[in-house]
Amino acid sequence: MLLKGKNAVITGSLKGIGLSTVDLFARNGANIWACAQFQDATFESHIRKLSAENNVWIRPLYFDLLDPEKIKGAYQEIRESKDQVDVLANIAGMTHDALFHMTTMEQMKKVFEVNFFSQMLLTQYITKIMMRNRAGSVINISSISAIDGNPGQFAYTASKAALIGATRTLSAELAGYGIRVNTIAPGVIDTEMTQKMPPEVLNRLMGKSDLKHLGLPSEVAGVILFLASDLSSYVTGQIIRVDGGIG
Amino acid sequence: MAGSDNGGSMLLQGKNAVITGCAHGIGKAILELFAENGASVWACAHTKTDEFEAMTRALSEQHHVQIRPLYFDLHDQEQVKSAARSITSQKLPVDILVNNAGITYNALFLLSSMEKVREVFEINFFAPFLFSQYIAKAMMKQRKGSIVNISSSAGIDGNAGRSVYGASKAAVICATKAMAAELGESGVRVNSIAPGITHTTMLSSMTEKVSGETVLQTAMKRMGEPEDIARAVLFLASDLSSYVTGQVIRVDGGM
Numbered sequence: 001m002l003l004k005g006k007n008a009v010i011t012g013s014l015k016g017i018g019l020s021t022v023d024l025f026a027r028n029g030a031n032i033w034a035c036a037q038f039q040d041a042t043f044e045s046h047i048r049k050l051s052a053e054n055n056v057w058i059r060p061l062y063f064d065l066l067d068p069e070k071i072k073g074a075y076q077e078i079r080e081s082k083d084q085v086d087v088l089a090n091i092a093g094m095t096h097d098a099l100f101h102m103t104t105m106e107q108m109k110k111v112f113e114v115n116f117f118s119q120m121l122l123t124q125y126i127t128k129i130m131m132r133n134r135a136g137s138v139i140n141i142s143s144i145s146a147i148d149g150n151p152g153q154f155a156y157t158a159s160k161a162a163l164i165g166a167t168r169t170l171s172a173e174l175a176g177y178g179i180r181v182n183t184i185a186p187g188v189i190d191t192e193m194t195q196k197m198p199p200e201v202l203n204r205l206m207g208k209s210d211l212k213h214l215g216l217p218s219e220v221a222g223v224i225l226f227l228a229s230d231l232s233s234y235v236t237g238q239i240i241r242v243d244g245g246i247g
Numbered sequence: 248m249a250g251s252d253n254g255g256s257m258l259l260q261g262k263n264a265v266i267t268g269c270a271h272g273i274g275k276a277i278l279e280l281f282a283e284n285g286a287s288v289w290a291c292a293h294t295k296t297d298e299f300e301a302m303t304r305a306l307s308e309q310h311h312v313q314i315r316p317l318y319f320d321l322h323d324q325e326q327v328k329s330a331a332r333s334i335t336s337q338k339l340p341v342d343i344l345v346n347n348a349g350i351t352y353n354a355l356f357l358l359s360s361m362e363k364v365r366e367v368f369e370i371n372f373f374a375p376f377l378f379s380q381y382i383a384k385a386m387m388k389q390r391k392g393s394i395v396n397i398s399s400s401a402g403i404d405g406n407a408g409r410s411v412y413g414a415s416k417a418a419v420i421c422a423t424k425a426m427a428a429e430l431g432e433s434g435v436r437v438n439s440i441a442p443g444i445t446h447t448t449m450l451s452s453m454t455e456k457v458s459g460e461t462v463l464q465t466a467m468k469r470m471g472e473p474e475d476i477a478r479a480v481l482f483l484a485s486d487l488s489s490y491v492t493g494q495v496i497r498v499d500g501g502m
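So the sequences go chain by chain: A and B.
Going by this note's numbering, 56 is the number at position 56 of the first sequence; the sequence numbering is gapless.
Start counting at 1 in the second sequence, then tack on 247, and there's your number in this note's numbering.
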């Protein structure tokens with residue numbers, strides 16, 4: 001039970017890596033504010049079951065990352081609960097496939113809004129709570145394509161690269177308050193996003209990895225758990241690739 | 248500590264590990280944490296002492312695991328080979344190898360003797376390389392395993408006075424990546440931890456002025472403890488890192 005008695009805020013909880021993280025955190029004893037864009041009945045019954053099985057509370061929190069007022073509202077709800085926040089996992093994000101010259105400024109701004117500005121706004125709010133407790137761990141989800149580059153994903157890779165710079169600076173600024181900030185760069189993970197890829201593209205990508213298979217959302221969640229827990233007590237400002245060995 | 252409050256969440260339950268350099272410092276902390284998390288361990292050390300024997304016995308009893316002491320000198324290739332063979336001949340799966348043993352050396356480039364250069368590479372690079380060849384072969388047959396090499400932030404950053412030590416640790420990093428590429432298909436993961444300034448006897452080779460300045464350079468403004476490093480090694484040894492290979496993770500408080 002690596003997170004016994006800790007409270008975590010997880011965004012993007014409805015599916016994929018976010019949902020796996022909610023499951024793994026609950027099994028490790030964490031209470032969770034499970035953030036998602038829409039209310040979803042299947043999700044609500046899943047988290048009710050999960051919280052009963054693991055003897056933790058899981059509170060759904062719905063807001064749109066494109067709306068700063070809604071982000072603020074979510075923060076206020078968390079703050080008013082008076083519960084401390086030990087972990088923030090910024091998992092929600094959007095993908096965008098377009099060549100540089102085909103990317104409109106409007107699209108570019110939307111991708112940065114969701115993948116960067118909204119995450120930083122939420123992080124500003126939540127770390128304020130963490131600073132009072134003088135403890136906390138923030139985990140951002142970037143991408144190996146932000147480090148390696150990926151033709152055809154200009155806005156996406158640039159927005160994910162911004163998170164890496166933010167991680168380095170934030171870790172230095174917040175260390176004095178006992179807050180660690182790290183980022184995970186997943187490779188090719190078996191999610192809805194990759195299921196839409198043509199099989200030949202997927203096979204080529206898998207062939208590039210040392211382990212020669214796709215990663216599972218639960219395998220990314222395992223690394224998020226490491227960074228959230230005291231197993232990583234002396235790890236901050238790091239970018240950890242979870243890619244089966246591509247770079 | 249991790250796993251100790253609930254038997255069901257021990258991260259290495261039923262696994263067998265080989266750890267070198269278990270007598271003190273980071274190696275000892277890894278040994279203790281692994282035992283606490285349910286692993287049986289071949290605990291390798293240079294010299295047999297009553298203290299070490301007593302420690303391994305106590306750990307075995309306390310955590311209901313088997314800690315088997317194994318003594319050999321990394322300077323001696325024949326001893327390294329026979330130690331590896333004595334492990335693989337036991338027909339037990341070897342799930343984890345932690346190449347932790349190493350020596351430090353602080354000297355300016357122009358003052359580093361070739362004799363010392365060769366010795367540092369012998370212990371920090373050639374010996375673990377040879378040892379890993381034998382253990383990895385067993386892991387490949389099992390089609391699973393996790394190898395964790397202890398490198399150093401000095402192997403990435405290059406620090407004055409650390410040309411020899413840093414270069415030996417840089418060699419470890421490069422070998423880690425190449426091994427990951429070669430062994431991945433057989434289900435063997437290979438990663439490296441790069442500790443920053445850590446509170447061990449190795450530290451006494453640094454002047455207090457230098458170590459004090461280095462601590463101030465960390466974001467967390469403190470030195471790492473052997474337990475901090477051990478916890479990150481536990482992560483890489485366990486299935487929490489099942490899709491992580493070929494990586495070097497700095498455990499340095501943010502430098």
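Virtual Cβ for every residue (Gly too), placed ideally from N, Cα, C.
Distance check for Y381(B) and D404(B), CA to CA, integer angstroms please.
Within the second sequence, numbered from 1, the residue matching residue 404(B) stands at position 157. Within the second sequence, numbered from 1, the residue matching residue 381(B) stands at position 134. Near 31 Å, if we compare the C-alpha coordinates of Y381(B) and D404(B).
Taking Cβ positions, are I184(A) and I246(A) nearer each other than 8 Å?
Translated into the one-based positions of the first sequence, residue 184(A) becomes position 184. Translated into the one-based positions of the first sequence, residue 246(A) becomes position 246. Not a contact, by the Cβ cut-off of 8 Å.
How should P151(A) be labelled, buried or exposed, when 16 other C-beta atoms within 10 angstroms of its C-beta is the threshold for buried?
As a working note, residue 151(A) is residue 151 in the first sequence. Answer is exposed; the Cβ neighbour count stays below 16.
Spell out whether any CB of chain A is found under 8 Å from the CB atom of Y490(B).
One-based indexing of the second sequence puts residue 490(B) at position 243. So, interface residue.
How about E429(B) and A276(B): are their beta carbons less than 8 Å apart?
Here the question's residue 429(B) lines up with position 182 in the second sequence. Here the question's residue 276(B) lines up with position 29 in the second sequence. Not a contact, by the Cβ cut-off of 8 Å.
Could you list which residues in chain A have their beta carbon closer than 7 Å to that of G500(B), in chain order?
In the second sequence, counting from the first residue as 1, residue 500(B) sits at position 253. Per Cβ cutoff of 7 Å: Y234 and T236.
Rounded distance between the beta-carbons of G471(B) and Y177(A), thought under 8 Å:
Residue 177(A) sits at position 177 when you count from the first residue of the first sequence. Residue 471(B) sits at position 224 when you count from the first residue of the second sequence. Between G471(B) and Y177(A) the Cβ distance is about 19 Å, and since that is not below 8 Å, they are no contact.
Relative to the C-alpha of S51(A), which residue among Q39(A), Q37(A) and W33(A) is closest?
Indexing the first sequence from 1 puts residue 51(A) at position 51. It is W33(A) whose Cα lies nearest to the Cα of S51(A).
Out of curiosity, what's the CA-to-CA distance linking S415(B) and G443(B)?
On the second sequence, residue 415(B) is found 168 positions in, with the first residue counted as 1. On the second sequence, residue 443(B) is found 196 positions in, with the first residue counted as 1. Near 15 Å, if we compare the C-alpha coordinates of G443(B) and S415(B).
Length of the line joining the Cα atoms of E77(A) and K391(B):
The residue given as residue 77(A) occupies position 77 in the first sequence. The residue given as residue 391(B) occupies position 144 in the second sequence. Those two C-alpha atoms are separated by around 46 Å.
Any Cβ of chain A within less than 8 Å of the Cβ of G285(B)?
One-based indexing of the second sequence puts residue 285(B) at position 38. G285(B) does not count as touching chain A.
Could you check what DSSP says for C35(A) in three-state terms: helix, strand or coil?
Taking the first residue of the first sequence as 1, we reach residue 35(A) at position 35. Correct three-state label for C35(A): strand.
Count the other C-beta atoms from every protein chain shown that fall within 10 angstroms of the C-beta of M105(A), then say buried if there are 16 or more, exposed otherwise.
Numbered from 1 along the first sequence, position 105 holds the residue referred to as residue 105(A). Classification for M105(A): exposed.
What does N28(A) touch in chain B if you count any residue whose Cβ is under 8 Å from its own?
Walking along the first sequence from the start, residue 28(A) turns up at place 28. In chain order: S256.
Runs of 4 residues minimum, wholly inside the stretch 60-128 of chain A: which ones carry the alpha helix (DSSP H) assignment?
68-80 and 105-112
Helix, strand or coil: which one does DSSP assign to Q421(B)?
Position 174 of the second sequence, counted from the start, is the residue given in the question as residue 421(B). Note that residue 421(B) is Cys in the sequence shown, not Gln. The answer is helix: DSSP assigns C421(B) an H, G or I state.
Classify Q153(A): buried if its beta carbon has 16 or more other beta carbons within 10 angstroms, exposed otherwise.
Along the first sequence, one-based indexing puts residue 153(A) at 153. By the neighbour-count rule (16 or more Cβ atoms within 10 Å), Q153(A) is buried.
Quick one: list the residues of chain B neighbouring K212(A), beta-carbon separation under 8 Å, in chain order.
Here residue 212(A) is taken as the residue at index 212 of the first sequence, counted from 1. Result: G431 and E432.
List the DSSP bridge partners of T445(B).
For this step, residue 445(B) is matched to residue 198 along the second sequence. In DSSP, T445(B) forms a bridge with G471(B).
Report the residue from M206(A), K128(A) and F112(A) whose alpha carbon sits nearest the alpha carbon of A161(A).
For the purposes of this step, residue 161(A) is identified with residue 161 of the first sequence, where counting begins at 1. Ranked by Cα distance from A161(A), the first of M206(A), K128(A) and F112(A) is F112(A).
If the criterion is Cβ atoms closer than 8 Å, does the pair I91(A) and G207(A) meet it?
Your numbering for residue 91(A) matches position 91 in the first sequence. Your numbering for residue 207(A) matches position 207 in the first sequence. No, these two residues do not count as a Cβ contact at 8 Å.
With a 10 Å radius around its C-beta and 16 neighbouring C-beta atoms as the bar for buried, classify A249(B) as buried or exposed.
Sequence index remark: in the second sequence, residue 249(B) carries index 2 (1-based). At A249(B) the pLDDT is 40, less than 50, meaning the model places this residue with poor confidence; the figure from the coordinates comes in the next sentence. Classification of A249(B): buried, given that the 10 Å Cβ count is 16 or more.
At a Cβ threshold of 8 Å, is F226(A) touching chain B?
Here residue 226(A) refers to the residue found at position 226 of the first sequence. Chain B, which has a Cβ nearer than 8 Å to the Cβ of F226(A), makes this yes.
Could you give the distance in angstroms between the alpha-carbon of M361(B) and the alpha-carbon of M302(B)?
Translated into positions along the second sequence, residue 361(B) becomes position 114. Translated into positions along the second sequence, residue 302(B) becomes position 55. Our two residues, M361(B) and M302(B), have alpha carbons roughly 37 Å apart in a direct line.
Whole-number beta carbon distance between H101(A) and Y156(A), since they are thought to touch under 8 Å:
The count along the first sequence starts at 1 and reaches residue 156(A) at position 156. The count along the first sequence starts at 1 and reaches residue 101(A) at position 101. Y156(A) to H101(A), Cβ: 15 Å. No contact.
Distance between L214(A) and T21(A) (C-alpha atoms, nearest Å):
Here residue 21(A) refers to the residue found at position 21 of the first sequence. Here residue 214(A) refers to the residue found at position 214 of the first sequence. C-alpha separation (whole angstroms): 18 Å.
Threshold first: 3 residues or longer. Then list the beta strand (DSSP E) segments lying entirely within the stretch 298-323 of chain B, N to C.
314-318
Determine whether the Cβ of A425(B) lies closer than 8 Å to any Cβ atom of chain A.
Residue numbering aside, residue 425(B) sits at position 178 when the second sequence is read from its first letter. A425(B) does not count as touching chain A.
Check this for me: beta carbons of G272(B) and T447(B), under 8 Å apart or not?
Looking up residue 272(B) in the second sequence gives position 25. Looking up residue 447(B) in the second sequence gives position 200. Taking 8 Å as the Cβ cut-off, G272(B) and T447(B) qualify as a contacting pair.
Are the C-beta atoms of V22(A) and some chain B residue less than 8 Å apart?
Residue 22(A) sits at position 22 when you count from the first residue of the first sequence. Judged by the 8 Å Cβ criterion, V22(A) is not in contact with chain B.
Per DSSP, which residues does L344(B) bridge with? Please list them.
Counting from 1 along the second sequence, the entry for residue 344(B) is found at position 97. V265(B) and I394(B), per the DSSP bridge assignment.
What three-state label does DSSP hand R241(A) in the structure shown?
Counted from its first residue, the first sequence places residue 241(A) at position 241. Strand, per DSSP.
Reducing DSSP to helix, strand and coil, say where V435(B) ends up.
Here residue 435(B) refers to the residue found at position 188 of the second sequence. Strand.
Chain B contact residues for S171(A), given Cβ-Cβ distances below 8 Å
Position 171 of the first sequence, counted from the first residue, corresponds to residue 171(A). Residues of chain B passing the Cβ test: A466 and G501.
Identify, in the order they occur along the chain, each residue of the same chain with its Cβ nearer than 7 Å to the Cβ of L355(B), setting aside the five sequence neighbours on each side.
The sequence position of residue 355(B) within the second sequence is 108, counting from 1. Here the set comprises G408.
Could you say which of L122(A), A146(A) and G149(A) lies nearest to I138(A) if we only look at CA atoms?
Against the first sequence, residue 138(A) aligns to sequence position 138. First, the amino acid is wrong: residue 138(A) is Val here, not Ile. Per the Cα distances, L122(A).
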